[in-house]
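The structure appears right after this line, and notes come after that.
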């Protein structure tokens, strides 16, 4: 005890540039299990050594310590590449489009005595890559024919499309032959498909690269959550007509979301949304979002 008190009262003074000071600092740094500058400096002083300018020396030792770098090193984050040109090119809504499907949903096809016959329905989501607006079409089956009909309905309402991006679903790839499209393979495995009838270029994502479709996968996730909320009570009592109506209302809700952060500036109260770009109307009419009762849900087609 007396020896410890003497070390505190009469510590050994060592200049920081001396090699012994470096060795002692490294020793006490390892002795404290690489716990940083504060604890290393305290252990060095408790050991009876007073290194002049110890704070800077300890900081240098801890900064150069390989073990500390392993313990406190930050994970590197993959740098995001530049957005495709079609994501940033100004133009009318749905000039550049991403496509994907989701589902299925069970509907009542026909009611029989004491029971009902159910069928499955899927949905195709078209999202504008620039304005981030969406358009949803309901299809009866995951086939090329159903997709072609949905695409024809889409362009009849939204107009022609310059470029389409999608993954390599079988109904998308199968539509190539049905539409009489010629495919051209270019570098990096991307497929350019020329829709001569509409003057549209179709680009497929590389195989096993679902992250290329984040722009439409995000919209599908948002649409699913809204639809699940609508069907939380009457999910098993849907008809085809009701499902089509709900999909249209899902599109309206998604398209009414803010595109940028909501400003707190009283001189700028308007919130820019995809719906404003599509309809040139401000806000959302609450009368367009109606509630369906049990009678509507059970109505047969």
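Numbering (full-length UniProt numbering), first residue to last: 1 to 301. Positions of the beta carbon are idealized from the N, C-alpha and C atoms, including for glycine. Since this is a predicted model, take the numbers as computed values, not measurements.
TODO: Report the residue from 85, 83, 22 and 71 whose alpha carbon sits nearest the alpha carbon of residue 60.
DONE: 22
- [ ] Drop a sphere of 10 angstroms on the beta-carbon of residue 150, count the other beta-carbons inside from all chains shown, and report buried for 16 or more, exposed for fewer.
- [x] buried
Open item on the list: Quick check on this structure: which residue in 160, 219 and 239 has the alpha carbon closest to the alpha carbon of residue 201?
Closed with: 160
Task: Beta bridge counterpart(s) of residue 49 as assigned by DSSP - done: 12
Open item on the list: Can you give me the C-alpha to C-alpha distance between residue 218 and residue 86, rounded to a whole angstrom?
Closed with: 18 Å
Open item on the list: Only counting the same chain, and skipping five residues up and downstream in sequence, which positions put a Cβ closer than 8 Å to that of residue 244?
Closed with: 138
Task: Through-space distance from residue 68 to residue 94, alpha-carbon basis - done: 52 Å
- [ ] Would you decide whether residue 41 is buried or exposed? Buried here means 16 or more other CB atoms lie within 10 Å of its CB.
- [x] buried
Task: 8 Å Cβ shell around residue 281 - same chain, five flanking residues per side excluded - done: 275
TODO: Going by CA-CA distance only, name the one from 118, 100, 252 and 147 that's closest to residue 126.
DONE: 100
Task: Euclidean distance between Cα positions of residue 84 and residue 133 - done: 18 Å
TODO: Keeping to the same chain, check which residues put their C-beta closer than 7 Å to that of residue 257; ignore five residues upstream and five downstream.
DONE: 273
- [ ] Work out the CA separation of residue 264 and residue 166 for me, nearest whole Å.
- [x] 37 Å
Task: CB contact flag (residue 31, residue 49, <9 Å) - done: no
- [ ] Just tell me which of 66, 220 and 122 has its CA closest to the CA of residue 143.
- [x] 122
Open item on the list: Please give the ranges of any beta strand (DSSP E) in the segment 24 to 85, keeping only runs that are unbroken, at least 3 residues long and fully inside the region.
Closed with: 49 to 52
Open item on the list: Within the continuous beta strand (DSSP E) that includes residue 165, where are the two ends?
Closed with: 163 to 166
TODO: Kindly list the residues whose CB is nearer than 8 Å to the CB of residue 213, restricted to its own chain and excluding five residues on each side of it in sequence; keep chain order.
DONE: 98, 100, 165, 166, 167 and 205
Open item on the list: Let's test the definition: count the other Cβ atoms within 10 Å of the Cβ of residue 12 and tell me whether it reaches 16, buried, or not, exposed.
Closed with: exposed
TODO: Rounded to whole angstroms, what's the CA-CA distance from residue 109 to residue 207? Just pull it up for me.
DONE: 36 Å
Open item on the list: Could you pull the DSSP bridge partners for residue 153 from this structure?
Closed with: Its beta-bridge partners do not exist; DSSP assigns none.
Open item on the list: On the CB-based measure, 16 or more other CB atoms within 10 Å of its CB, does residue 77 come out buried or exposed?
Closed with: exposed
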